[in-house]
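Enquirer: I'd like to ask you about the structure that follows.
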Amino acid sequence: MNVINLMSDTQTKPTSGMRRAIAEADVGDEQSGLDPTVNRLCARVADMLGYEDALFAPSGTMCNQIGILVHCAAGDEVICDASSHIVNTEGAGAAALAGVAIRSVETRTGLFTAEDVRHLVRPRTRTGPRSRLVVPEQTANFLGGRVWSLAKLSEVAAAARDCGLASHLDGARLFNATVATGSTPYDFCAGAGFDSAWIDLSKGLGCPVGAVLCGSRDFIEEAWRWKYRLGGAMRQAGMLAAAGLYALDMHVDRLAEDHERARAIAERLAEDNGYVVDPTQVETNIVILDTSGLGVDATLFASRCREEGMLLSVIGEARLRLITHLDISDDDAVRAVEIIRKVSDMPARSPREGEDNVHERYI
Ligand SMILES: *Cc1c(COP(=O)(O)O)cnc(C)c1O
Numbered sequence: 039m040n041v042i043n044l045m046s047d048t049q050t051k052p053t054s055g056m057r058r059a060i061a062e063a064d065v066g067d068e069q070s071g072l073d074p075t076v077n078r079l080c081a082r083v084a085d086m087l088g089y090e091d092a093l094f095a096p097s098g099t100m101c102n103q104i105g106i107l108v109h110c111a112a113g114d115e116v117i118c119d120a121s122s123h124i125v126n127t128e129g130a131g132a133a134a135l136a137g138v139a140i141r142s143v144e145t146r147t148g149l150f151t152a153e154d155v156r157h158l159v160r161p162r163t164r165t166g167p168r169s170r171l172v173v174p175e176q177t178a179n180f181l182g183g184r185v186w187s188l189a190k191l192s193e194v195a196a197a198a199r200d201c202g203l204a205s206h207l208d209g210a211r212l213f214n215a216t217v218a219t220g221s222t223p224y225d226f227c228a229g230a231g232f233d234s235a236w237i238d239l240s241k242g243l244g245c246p247v248g249a250v251l252c253g254s255r256d257f258i259e260e261a262w263r264w265k266y267r268l269g270g271a272m273r274q275a276g277m278l279a280a281a282g283l284y285a286l287d288m289h290v291d292r293l294a295e296d297h298e299r300a301r302a303i304a305e306r307l308a309e310d311n312g313y314v315v316d317p318t319q320v321e322t323n324i325v326i327l328d329t330s331g332l333g334v335d336a337t338l339f340a341s342r343c344r345e346e347g348m349l350l351s352v353i354g355e356a357r358l359r360l361i362t363h364l365d366i367s368d369d370d371a372v373r374a375v376e377i378i379r380k381v382s383d384m385p386a387r388s389p390r391e392g393e394d395n396v397h398e399r400y401i
C-alpha cells in the first residue's frame with residue numbers, strides 16, 4: 039500500500055502534465071535575462087500580485103532573505119510573528135546574512151495586528167535598534183494555515199507605512215488564502231499595500247523548485263544583486279519556470295480540494311477525538327494535532343503513524359502537523375483518519391532511547 043505523506047505540501051511529485059511542460063520549455067540563460075520562460079513567469083506573477091517587476095528564485099527562503107537584505111541595513115529590526123518561518127526555519131538568516139534582529143510577537147494564530155505593529159515599533163533613539171520591516175505570512179504556517187482577512191492584512195501594511203517601516207509579505211501559501219477567501223492575489227499583495235511579496239511554486243502548487251519575488255523596479259534591481267551574491271542566479275531555468283506557469287494554470291483552483299480534505303480529516307477526527315484536533319481552526323490545507331490529551335508525545339505518535347504507513351511532521355512536544363496536497367486523494371484522507379484513530383488508541387509510553395524522528399527534518 040502506498041505511504042500517505044502528509045508531512046508537507048512540499049512532498050508532491052510533478053504530474054505527467056507538468057513533466058511535459060518542463061520537457062518542452064523554451065529556455066535561455068536566466069542570469070543574462072535571456073530565458074523566455076522565466077521572463078514570462080516573472081511578468082505573469084508581477085502582474086497578478088500588482089508589482090512593476092519580479093525575479094525567479096530557487097526557494098521561498100531566498101525570497102525572504104533577499105527581502106530582508108534589501109529592505110534593511112545591519113542593526114535594523116524586523117517585526118513578525120513568533121511562529122513565522124523567518125524566526126524558526128531559515129537558519130537565523132536575518133542575523134547571519136543581514137545582521138538584522140527580529141522582534142516577534144506571540145499569537146495563538148500567527149496573525150498579529152496593526153496594534154501589535156505600533157506597539158513593537160521602537161521610538162527613534164540613539165540606543166535602540168531601528169525598526170525597519172514588517173513581515174506577515176499568508177497563510178500562517180506553523181499555527182495551522184490560518185488566513186489573514188484582507189482588512190487585517192491591509193491594516194498591518196498601513197501601520198508599517200504610517201510608522202515609516204517597509205512591509206514584505208511571505209506568500210508561501212498565498213493561493214491557499216485566495217482560494218479560501220475569494221480575494222485576489224493582487225488584493226493581498228500590492229492592493230493591501232505591501233512593498234514586496236512572493237509566492238512559492240513548490241508548496242501547494244506542486245512544482246519541484248522555485249519561488250517568485252515581486253516589488254518595484256528599484257527593489258527588484260537591488261534584489262537581483264543579492265540573488266546573484268547568494269548563488270541564486272541560474273542558467274536554463276525555463277525548465278523550472280515552465281512548471282510554475284503550468285501550475286498557475288492547472289493547480290490553483292484545485293487547492294479547494296486540499297482544503298476540503300483537510301477539513302474532512304479534522305471533522306472526522308473531532309467526532310470521537312475532539313481533544314486532539316479543532317476543525318473550526320482548519321481554514322486551508324493544514325491540520326494541527328495536539329497529542330497532549332493522549333499522554334503520548336508527538337515524536338512517538340509520529341513514529342507509530344509511520345509504522346502504519348503515514349508520515350506527518352512533528353512541530354512541538356505534543357504538536358503534529360498534517361498538510362493535504364496534490365498527491366493526497368479522498369481515499370488517503372479516509373485512511374489517514376483510520377491510522378490516527380488507531381494510533382490514538384495505543385497505550386502511552388515514552389519514546390525509546392535513540393528513537394529517531396525523520397519527520398522533524400522536513401518541516
Ligand atoms: C515553506 C515556507 C517558506 C520557505 O519556502 P521554501 O521554498 O521552502 O524555501 C517561507 N515561509 C513560509 C510560511 C513557508 O511555509
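Taking our numbering, I'd label the letters of the sequence shown as residues 39 to 401.
Cβ coordinates follow ideal geometry from the N, Cα and C atoms, glycine included.
Note that the coordinates shown come from a computational prediction; the quantities given were computed from them, not determined experimentally.
Restricting to Cα atoms, I'd like to know which of R170, P96, C101, R82 is closest to V116.
Expert: Taking the sequence shown and counting its residues from 1, the one referred to as residue 116 is at position 78. Among R170, P96, C101, R82, the Cα nearest to that of V116 is on R170.
Enquirer: Check whether chain D comes within 8 angstroms of I366, counting only Cβ atoms and requiring the distance to be less than that.
Expert: No chain D appears in this structure, which consists of one protein chain only.
Enquirer: Give me the Cβ distance between I237 and D91, rounded to the nearest whole Å; I'm assuming they're in contact under 8 angstroms.
Expert: Here the question's residue 237 lines up with position 199 in the sequence shown. Here the question's residue 91 lines up with position 53 in the sequence shown. Going by Cβ atoms, the distance from I237 to D91 rounds to 15 angstroms, so no, they are not a contact pair.
Enquirer: Name the two residues that bound the continuous alpha helix (DSSP H) containing S341.
Expert: Sequence index remark: in the sequence shown, residue 341 carries index 303 (1-based). Residues 336-345.
Enquirer: Suppose only complete runs of 4+ residues qualify. What are the alpha helix (DSSP H) ranges in the stretch 275-302, listed by chain order?
Expert: Whole alpha helix (DSSP H) segments, 4+ residues: 276-288.
Enquirer: Considering only heavy atoms of ligand 1, list every residue whose Cβ is less than 5 angstroms from one of them, following chain order.
Expert: Around ligand 1, the residues whose beta-carbon falls short of 5 angstroms from at least one of its heavy atoms are S97, G98, T99, H123, E175, N179, D208, A210, D238, given in chain order.
Enquirer: Excluding the five sequence neighbours on either side, which residues of its own chain have a C-beta within less than 6 angstroms of the C-beta of V334, listed in chain order?
Expert: The residue given as residue 334 occupies position 296 in the sequence shown. Hits under 6 angstroms: A386.
Enquirer: Using a threshold of 8 angstroms, state whether the C-beta atoms of T177 and T322 are closer than that.
Expert: Locating residue 177 in the sequence shown gives position 139, where the first residue counts as 1. Locating residue 322 in the sequence shown gives position 284, where the first residue counts as 1. Going by C-beta atoms, T177 is nearer than 8 angstroms to T322.
Enquirer: In this structure, does DSSP put C80 in helix, strand or coil?
Expert: Mapped onto the sequence shown, residue 80 falls at position 42. It is helical.
Enquirer: By the 10 Å Cβ neighbour count, where 16 or more other Cβ atoms means buried, how is Y266 classified, buried or exposed?
Expert: Along the sequence shown, read from residue 1 onward, the residue named residue 266 stands at position 228. With fewer than 16 other Cβ atoms within 10 Å, it is exposed.
Enquirer: Is the stretch 273-287 touching the stretch 63-71 in the sense that three or more CB pairs, one from each, lie closer than 8 angstroms?
Expert: These segments touch.
Enquirer: By Cβ distance below 6 angstroms, which residues in the same chain neighbour L349 in space, the five residues on each side in sequence not counted?
Expert: As a first step, residue 349 is located in the sequence shown; it is residue number 311 there, counting from the start. Same-chain partners within the cutoff: N43, M45.
Enquirer: Would you list the residues sitting across from W206 in a DSSP beta bridge?
Expert: To locate residue 206, count along the sequence shown from 1; it is residue 168. Checking the displayed sequence, the identity of residue 206 turns out to be His instead of Trp. In the DSSP output, where bridge partners are listed per residue, H206 has S234.
Enquirer: If we ignore side chains and look at the alpha-carbon of each, how far apart do R405 and A59 end up?
Expert: Lying outside 39 to 401, the shown extent of the chain, residue 405 is not represented and no answer is given.
Enquirer: Does the stretch 67-82 come into contact with the stretch 280-289, if we say contact requires no fewer than three beta-carbon pairs (one atom in each stretch) closer than 8 angstroms?
Expert: yes
Enquirer: Between the alpha carbons of G229 and F213, how many angstroms are there, rounded?
Expert: Taking the first residue of the sequence shown as position 1, residue 229 is located at position 191. Taking the first residue of the sequence shown as position 1, residue 213 is located at position 175. When rounded, the distance between both Cα atoms is 15 angstroms.
Enquirer: Where does T75 land, buried or exposed, given buried means 16+ other C-beta within 10 angstroms?
Expert: Start at 1 with the first residue of the sequence shown, and residue 75 comes out as number 37. So T75 ends up on the buried side.
Enquirer: Select from L149, A249, G242 the residue whose C-alpha is nearest the C-alpha of A300.
Expert: Taking the sequence shown and counting its residues from 1, the one referred to as residue 300 is at position 262. Out of L149, A249, G242, G242 has the C-alpha closest to the C-alpha of A300.
Enquirer: Would you tell me roughly how many angstroms separate the C-alpha atoms of A112 and P167, rounded to the nearest one?
Expert: Residue numbering aside, residue 112 sits at position 74 when the sequence shown is read from its first letter. Residue numbering aside, residue 167 sits at position 129 when the sequence shown is read from its first letter. Distance between the alpha carbons of A112 and P167: 10 angstroms.
Enquirer: Based on DSSP bridge pairs, tell me the residues matched to E175.
Expert: In the sequence shown, the residue the question calls residue 175 occupies position 137. D208, per the DSSP bridge assignment.
Enquirer: Is there contact between the stretch 158-165 and the stretch 125-140, where contact requires at least three CB pairs shorter than 8 angstroms?
Expert: no
Enquirer: If you drop the 5 nearest sequence neighbours on each side, which residues of the same chain put their C-beta closer than 6 angstroms to that of F150?
Expert: Here residue 150 refers to the residue found at position 112 when the sequence shown is read from its first residue. Beyond the five residues adjoining it in sequence on each side, F150 comes within less than 6 angstroms, by CB distance, of D119, V143 in the same chain, given in chain order.
Enquirer: Can you find the residues in the same chain that come closer than 7 angstroms, C-beta to C-beta, to W262, ignoring five residues on each side of it along the sequence?
Expert: On the sequence shown, position 224 is the one that residue 262 refers to. Excluding residues within five positions, the ones whose Cβ falls inside 7 angstroms are L93.
Enquirer: When the Cα atoms are used, what is the spatial distance from A198 to H109?
Expert: For the purposes of this step, residue 198 is taken as the residue at position 160 of the sequence shown. For the purposes of this step, residue 109 is taken as the residue at position 71 of the sequence shown. About 13 angstroms.
Enquirer: Quick one: residues in its chain with C-beta nearer than 6 angstroms to the C-beta of A84, no 5 flanking neighbours on either side, listed in chain order?
Expert: Taking the first residue of the sequence shown as position 1, residue 84 is located at position 46. Taking A84 as the centre and dropping the five residues before and after it, the same chain places the C-beta of D91, A92, C252 closer than 6 angstroms to its C-beta, in chain order.
Enquirer: How is C227 classed by DSSP in three states: helix, strand or coil?
Expert: In the sequence shown, counting from the first residue as 1, residue 227 sits at position 189. Coil, per DSSP.
Enquirer: Give, in chain order, every unbroken run of the alpha helix (DSSP H) that is at least 4 residues long and sits entirely within the stretch 96-144.
Expert: 98-109, 123-126, 131-136
Enquirer: I think E175 touches S122, with their Cβ atoms under 8 angstroms apart; what is that distance to the nearest whole Å?
Expert: Sequence index remark: in the sequence shown, residue 175 carries index 137 (1-based). Sequence index remark: in the sequence shown, residue 122 carries index 84 (1-based). With 8 angstroms as the limit, E175 and S122 qualify as a contact, their Cβ atoms being about 5 angstroms apart.
Enquirer: When burial is assigned at 16 or more other CB atoms within 10 Å of the CB, is M39 buried or exposed?
Expert: Here residue 39 is taken as the residue at index 1 of the sequence shown, counted from 1. It is exposed - the Cβ of M39 has fewer than 16 other Cβ atoms within 10 Å.
Enquirer: Out of V320, Q319, A374, I366, point me to the one whose CA is closest to R344's CA.
Expert: Along the sequence shown, one-based indexing puts residue 344 at 306. Here the closest residue by C-alpha is A374.
Enquirer: Please report the distance separating the alpha-carbon of V2 from that of F180.
Expert: Residue 2 is absent from the structure shown; the chain starts at 39 and stops at 401.
Enquirer: With H, G and I counted as helix, E and B as strand and the rest as coil, what does DSSP make of L93?
Expert: Taking the first residue of the sequence shown as position 1, residue 93 is located at position 55. DSSP places L93 in the strand class (E or B) of the three-state scheme.
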